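Note sheet for the following structure.
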Amino acid sequence: MAEGQCVYQGAVQDVVQYLELFGLKCPISYNPADFLIEATTNAYGNIHDNMVRAMENGKVLKWRPMPEKNLENAPAPSGVIRLTLPANNLDVECDIELKEDSTQTSWWLQYKWLLQRILLQTVRDKINISLRIFAHLFLASLIGVAYIGIGRNAYFGMYNYHLSMLTVVVCVFTAMCPVIATTGPEMKYLQRQIYNQWYCLSSYFMALLTSHVLSVIIMSISASAILYFFTEQPMEFFRFALFTGIIFLTSMVASSLGLVFGARLKLQQAFFIGPASIAVFIILANYATERGHISTLERAIMYTSCLRHSLEGILAALFKFNRADLICPPTEFFCLMAKPQSLLRLVGSLDVDYNRSVLFLLGYYVLFTVLAYFALRWRLMRARVSHLQVKWYVGRCFCLNR
């Protein structure tokens with residue numbers, strides 16, 4: 003019914019075919035019932051009168067499933083059940099065919115469409131993508147200029163440690179904050195779409211993770227190139243690849259951690275707790291810098307920080323794998339940190355291992371990703387339960403009022 007007139011009277015599976023008579027083709031991603039509602043509200047042109055005339059305001063029974071005659075003694079075919087329906091004190095028998103629902107979209111197709119939608123939204127959000135690109139390039143250039151040429155100068159050997167720690171901090175904040183900022187506002191749309199069963203949560207979550215991977219790859223390579231060449235680190239491709247790999251993994255861990263905060267907390271809470279937790283990780287990551295020896299318990303606590311593994315990974319990429327000695331300037335009589343091992347010993351990182359750092363970062367990424375999925379699922383379930391509770395209380399109030 004639309005505007006008090008009948009625009010369609012028939013079976014659900016015939017809605018698409020009926021609308022095609024008026025030049026309307028239902029998209030494959032649409033619910034036919036929703037598309038019919040949009041058509042009756044003149045969202046695709048004023049076809050209301052045409053639909054009323056086509057149905058003769060409810061008199062046309064062409065689209066209705068009509069009961070067949072002389073079925074009293076005929077056996078019901080396989081896959082068909084026979085129902086007796088009372089109508090005006092008469093028993094009318096009709097056969098209802100049981101069919102499997104073949105309209106459900108596959109998980110892979112949902113993932114593909116959602117990934118395309120998320121990437122399209124990212125590209126169209128000019129301000130967000132411009133700020134992210136500018137932040138990565140500007141901060142990488144600023145750090146590169148501040149530490150220019152320290153990669154081969156033994157006199158500034160200690161500054162390589164500062165560079166490594168600062169690189170980790172910048173990667174974490176530039177990867178985590180945009181995810182927190184976009185996850186919160188997206189929740190209200192996600193709740194409605196998941197509740198209406200437009201797609202499943204797992205396909206959306208995987209599409210979201212894939213979009214994060216694609217953006218982090220581009221940002222990591224560009225920032226790593228600026229930092230690596232500005233600071234004049236060894237011109238060895240494998241060493242640059244190792245350096246870029248740690249920056250990529252650090253950014254992915256930070257983005258998954260930001261997804262945990264964004265999915266579980268409100269926007270204001272996430273922006274407060276997120277940086278506060280990173281501050282704790284930074285303190286733990288630098289715990290062994292000024293201590294020659296630390297206890298086993300202190301070391302275990304220190305390695306609970308994911309940033310510690312990122313720091314050790316960068317130090318291993320820059321100063322392990324037979325790194326040549328740093329050049330001592332002619333103006334200096336002696337350079338304490340000319341040898342890479344001397345620098346690593348001074349900062350308490352003599353036993354750094356690149357493979358160990360990669361494995362721990364991958365483990366943290368998997369852990370934070372699983373936590374983010376369950377946090378997102380819990381928030382959606384809580385919103386749905388709250389909605390049902392409101393309906394129950396409203397209904398109870400009406401019952402009491404009666």
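Throughout, this note's numbering is defined as the position within the sequence shown, counted from one, plus 2.
All C-beta atoms in this analysis are idealised placements derived from N, C-alpha and C, irrespective of residue type, glycine included.
As the structure is a prediction and not an experimental result, all values here were calculated from the model.
Please report how far the alpha carbon of residue i lies from the alpha carbon of residue j, in whole angstroms.
| i | j | result |
| --- | --- | --- |
| D124 | C179 | Residue identity check: residue 124 is Thr in the sequence provided, not Asp. Looking at the two C-alpha atoms, the distance is approximately 15 Å. |
| G186 | Q19 | 40 Å |
| S344 | L269 | 45 Å |
| S359 | S351 | 12 Å |
| P34 | V14 | 8 Å |
| Y206 | R119 | 10 Å |
| C8 | Y32 | 22 Å |
| R134 | Y161 | 27 Å |
| G47 | Y10 | 17 Å |
| F323 | Q112 | 45 Å |
| H50 | D16 | 18 Å |
| A340 | I196 | 59 Å |
| G25 | D36 | 17 Å |
| Q271 | A278 | 11 Å |
| S143 | F232 | 8 Å |
| W394 | R194 | The predicted model places W394 with a pLDDT of 48, which falls under 50 and marks its position as unreliable; any figure quoted below should be read in that light. Their backbone Cα atoms lie some 19 Å apart in a straight line. |
| L348 | M383 | 51 Å |
| H311 | P236 | 22 Å |
| I303 | L121 | 39 Å |
| A301 | K190 | For the sequence presented, residue 301 should be read as Arg rather than Ala. In a straight line, the C-alpha of R301 is about 43 Å away from that of K190. |
| G151 | F240 | 20 Å |
| Y230 | I145 | 10 Å |
| A319 | F242 | 8 Å |
| L73 | E58 | Low confidence applies to L73: its pLDDT is 45, below 50, so where it sits in the model is not reliable, and the reading given next is rough at best. Their Cα atoms are separated by approximately 30 Å. |
| C202 | I249 | 32 Å |
Less than 8 Å between the C-beta atoms of residue i and residue j, yes or no?
| i | j | result |
| --- | --- | --- |
| L181 | S257 | One detail in the question is off: residue 181 reads as Val in this sequence, not Leu. The answer is yes: Cβ separation under 8 Å. |
| G247 | F263 | no |
| H138 | T169 | no |
| L117 | S213 | yes |
| L21 | A56 | no |
| L378 | A265 | yes |
| A287 | I296 | no |
| V174 | L309 | yes |
| L361 | V354 | no |
| M167 | L313 | yes |
| F370 | L259 | yes |
| Y367 | L251 | yes |
| F273 | S307 | no |
| F245 | S226 | yes |
| L261 | A374 | yes |
May I ask you to list the residues that DSSP assigns as paired with residue i?
| i | result |
| --- | --- |
| A2 | With the chain running from 3 to 404 in the structure shown, residue 2 is simply not present. |
| I329 | N155 |
| Q7 | A4 |
Are at least three pairs of beta-carbons, each pair with one atom in the stretch 142-160 and one in the stretch 319-331, less than 8 Å apart?
By the criterion of at least three beta-carbon pairs nearer than 8 Å, the stretch 142-160 is in contact with the stretch 319-331.
Can you give, in chain order, each stretch of the alpha helix (DSSP H) that sits fully within the stretch 318-381 and has at least 4 residues?
342-348
Tell me the start and end of each unbroken alpha helix (DSSP H) in the stretch 112-195 that is at least 4 residues and wholly inside, in chain order.
128-148
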